[in-house]
Amino acid sequence: MTATERLDPPLAADEATMVRAYLDYHRDTLRAKTAGLNSEQLNQTLAPSTMTLGGMLKHLALCEDSWFSGRLLGNEDADYWQGVDWEADVDWDWHSAVDDTPEQIRTLFDDAIAASNAILDRVIPEHGLDLLSVRLDRRTGEKFSLRWILLHMVEEYARHNGHADLLRESIDGATGE
């Protein structure tokens, strides 16, 4: 597996710094798990799942956009996601990755993270982690705190990084953190 630099989260820091460091750590873990893979490898599945590493990168790019820009700030979908017929395929982000090159998927992923980080850099100093989302939870009608969104994103990445471990090992035998 190609090495991708990851910084361990600090052992002591304020809450926002700590949570963001854990999110960055998990983002970089997925980058490491997908580094150096070609299109065929990014689209390889591990039965019985249809999950792929390319689909995972695209799914997490969507999560970045939808949670930080969409739900938190209330923005419309980023240009890339507009026009997607989610009713025809609720897992379009996962399934459509097969049509993208590795460079396109990695750029989408990195651009989504950069946009999320720009939002966080802007709102945290002014509002902190108690900032409430513009959009409401579909189930409860409540607003999400930025703290909740950040912790959810750490959980989302951590869960999928476990999947990425298995997928990467099945592709080329690479193991490790």
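Residue numbers (this note's numbering): -4 to 172. We treat Cβ as the ideally placed atom computed from N, Cα and C, and that holds for glycine. Model, not experiment: these values are computed from the prediction.
Buried versus exposed, by CB contacts within 10 Å (16 or more), residue i
i	result
L2	exposed
W81	exposed
A83	exposed
P97	buried
T45	exposed
Opposing strand residues paired with residue i [DSSP bridges]
i	result
K138	L131
Expected contact under 8 Å - CB spacing of residue i and residue j to nearest Å
i	j	result
V149	L68	Going by Cβ atoms, the distance from V149 to L68 rounds to 20 Å, so no, they are not a contact pair.
L25	L55	7 Å
L37	I100	7 Å
Backbone CA spacing between residue i and residue j [nearest angstrom]
i	j	result
D132	R15	22 Å
A159	Q77	27 Å
E59	L145	10 Å
T40	S34	12 Å
L103	K53	7 Å
L126	Y152	22 Å
S111	R117	10 Å
G123	Y75	29 Å
Is the region 16 to 25 in contact with the region 83 to 99, if contact means three or more CB pairs nearer than 8 Å? Fewer than three pairs of CB atoms, one per stretch, sit closer than 8 Å, so the region 16 to 25 makes no contact with the region 83 to 99.
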